[in-house]
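Written out below as structure tokens is the structure these notes cover.
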Amino acid sequence: MKRIAVFTSGGDAPGMNASIRAVVRGGLHHGVEIFGIIRGYNGMIKGDIIPLNSQSVSNIIQRGGTILKSARSKEFMTPEGRKKAYEQLKSHGIEGLVAIGGNGTFTGAEIFYNEFQIPTVGVPGTIDNDLYGTDFTVGYDTAVNTALDAIDKIRDTADSHDRVFFIEVMGRDSGYIAIQSGISGGAESILIPEERQTVDDVVGTLKAGFNKKKTSSIVIVAEGDEEGNAAVIADQIKKTIDVPVDIRVTNLGHIQRGGSPSAADRILASRLGLGALEGLLAGHKNEMAGIVNDQLLYTPFHDTITKKKLINSDLIRLAGILSK
30 MKRIAVFTSG GDAPGMNASI RAVVRGGLHH GVEIFGIIRG YNGMIKGDII PLNSQSVSNI
90 IQRGGTILKS ARSKEFMTPE GRKKAYEQLK SHGIEGLVAI GGNGTFTGAE IFYNEFQIPT
150 VGVPGTIDND LYGTDFTVGY DTAVNTALDA IDKIRDTADS HDRVFFIEVM GRDSGYIAIQ
210 SGISGGAESI LIPEERQTVD DVVGTLKAGF NKKKTSSIVI VAEGDEEGNA AVIADQIKKT
270 IDVPVDIRVT NLGHIQRGGS PSAADRILAS RLGLGALEGL LAGHKNEMAG IVNDQLLYTP
330 FHDTITKKKL INSDLIRLAG ILSK
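Residue numbers (this note's numbering): 30 to 353.
Okay, here's the thing in structure tokens:
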């Protein structure tokens with residue numbers, strides 16, 4: 030394999046640039062030409078493919094976002110779109126792909142291989158940490174620390190005004206950001222999709238705090254919680270709770286995706302970028318490079334896509350105990 034292309038797809042995550050850098054520098058080490066595909070599968074279809082060298086990835090390890098841009102492609106979901114992408118790759122002599130992204134990215138790559146036999150090894154790039162086959166995903170550590178910084182600031186104002194703040198963090202299908210930022214931020218209650226908590230449960234927790242003379246509280250809500258988003262839940266609490274309370278809502282939104290990656294994310298992204306490249310060269314395909322118990326492992330895309338990554342039950346128990 031002499032020519033490999035790298036691309037980023039789906040939601041951006043801090044550390045993606047570190048992975049791109051590792052793929053390019055690893056390619057130089059192994060004597061492989063590396064190309065970058067701009068804007069993911071859309072760029073693949075349009076032939077927006079450029080050669081990358083050492084200078085191309087100089088001074089990017091500390092940058093958030095992705096220098097290769099990211100986009101979601103409806104056209105790639107069609108056989109006609111994938112055929113165009115294949116023809117563009119062949120015209121550039123591309124023999125394999127490193128895909129940095131999440132479930133949707135890997136689903137597309139697996140379908141693409143089944144139709145045109147272009148092998149792909151993936152790097153788990155998503156702040157949600159919801160991919161089976163790796164302990165942590167690229168961008169997750171930075172997102173948690175970004176959320177925690179905001180939670181600490183909001184707690185200051187909550188304490189100053191005796192308020193209850195409902196803070197919504199990202200995690201449509203996963204409560205990883207919520208549970209980690211909630212525990213580290215001392216939240217009184219944490220609502221995640223993986224653990225059923227009702228509005229009555231939250232009311233009970235808040236009232237117990239009031240009975241202990243607690244004048245302010247923080248409730249962390251993962252956006253995918255089954256009870257609804259933070260605004261919906263806060264509104265239900267206002268209608269249900271029978272003590273006077275000043276409730277405010279903050280949605281942290283996309284600030285969790287941006288910013289300079291943490292040291293942990295830079296190292297993880299670098300390990301996985303090189304691991305994906307060397308996996309391709311060793312004959313791996315349709316697999317995701319991941320770190321499990323500090324060891325590099327490859328997990329089939331099918332398992333990564335279909336298997337549920339569970340939150341450690343000890344963390345859920347810990348959150349319950351510490352909130353009392």
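Don't be surprised by glycine CBs; every beta carbon is placed ideally from N, CA and C.
{"query": "Residue(s) in a DSSP beta bridge with Arg277", "result": "Phe194"}
{"query": "Arg50: first and last residue of the uninterrupted alpha helix (DSSP H) it sits in", "result": "45-59"}
{"query": "Contact check, Thr107 vs Val321, beta carbons under 8 Å", "result": "no"}
{"query": "Contained beta strand (DSSP E) runs [length at least 3] in the segment 253-324, N- to C-terminal order", "result": "275-280, 316-321"}
{"query": "Under 8 Å between C-beta atoms of Ala207 and Ile247", "result": "no"}
{"query": "Outcome for Ser48 when other beta-carbon atoms lying within 10 angstroms are tallied against a minimum of 16", "result": "buried"}
{"query": "Best match in Ser289, Gly257, Gly233, Ala176 for proximity to Thr269 [C-alpha to C-alpha]", "result": "Gly233"}
{"query": "6 Å CB neighbourhood of Arg68 in its chain, flanking five on each side removed", "result": "Lys98, Ala100"}
{"query": "Alpha-carbon spacing of Tyr205 relative to Asn258, whole angstroms", "result": "16 Å"}
{"query": "Rounded distance between the beta-carbons of Gly151 and Ala305, thought under 8 Å", "result": "7 Å"}
{"query": "Ile156 beta carbon less than 8 Å from that of Ala172", "result": "yes"}
{"query": "Contacts around Asn132, its chain only, beta-carbon distance under 6 Å, and the 5 residues preceding and following it disregarded", "result": "Ile334"}
{"query": "At least three beta-carbon pairs within less than 8 Å, the segment 53-63 to the segment 305-314", "result": "yes"}
{"query": "Nearest to Gly282 (by Cα), restricted to the options Gly40, Val35, Ala292", "result": "Gly40"}
{"query": "Gly151: first and last residue of the uninterrupted beta strand (DSSP E) it sits in", "result": "149-153"}
{"query": "Rounded distance between the beta-carbons of Ile262 and Val228, thought under 8 Å", "result": "7 Å"}
{"query": "Burial state of Ser299 (16 or more Cβ within 10 Å)", "result": "buried"}
{"query": "8 Å Cβ shell around Met30 - same chain, five flanking residues per side excluded", "result": "Val61, Glu124, Gly125, Leu309, Leu310"}
{"query": "Three-state secondary structure assigned by DSSP to Phe105", "result": "helix"}
{"query": "Unbroken beta strand (DSSP E) run spanning Phe36, endpoints", "result": "32-37"}
{"query": "Gln324 burial status per 10 Å Cβ neighbour count (16 or more: buried)", "result": "exposed"}
{"query": "Counterpart residues of Phe165 in DSSP-defined beta bridges", "result": "For Phe165, which the question treats as bridged, DSSP gives no partner whatsoever."}
{"query": "C-alpha gap between Val231 and Asn46, whole angstroms", "result": "40 Å"}
{"query": "Per DSSP, the bridge partner or partners of Thr175", "result": "DSSP lists no partner for Thr175."}
{"query": "Complete beta strand (DSSP E) runs within the segment 57-82 (minimum length 3 residues, chain order)", "result": "62-66, 78-81"}
{"query": "Three-way DSSP call (helix, strand, coil) for Ala237 in this model", "result": "helix"}
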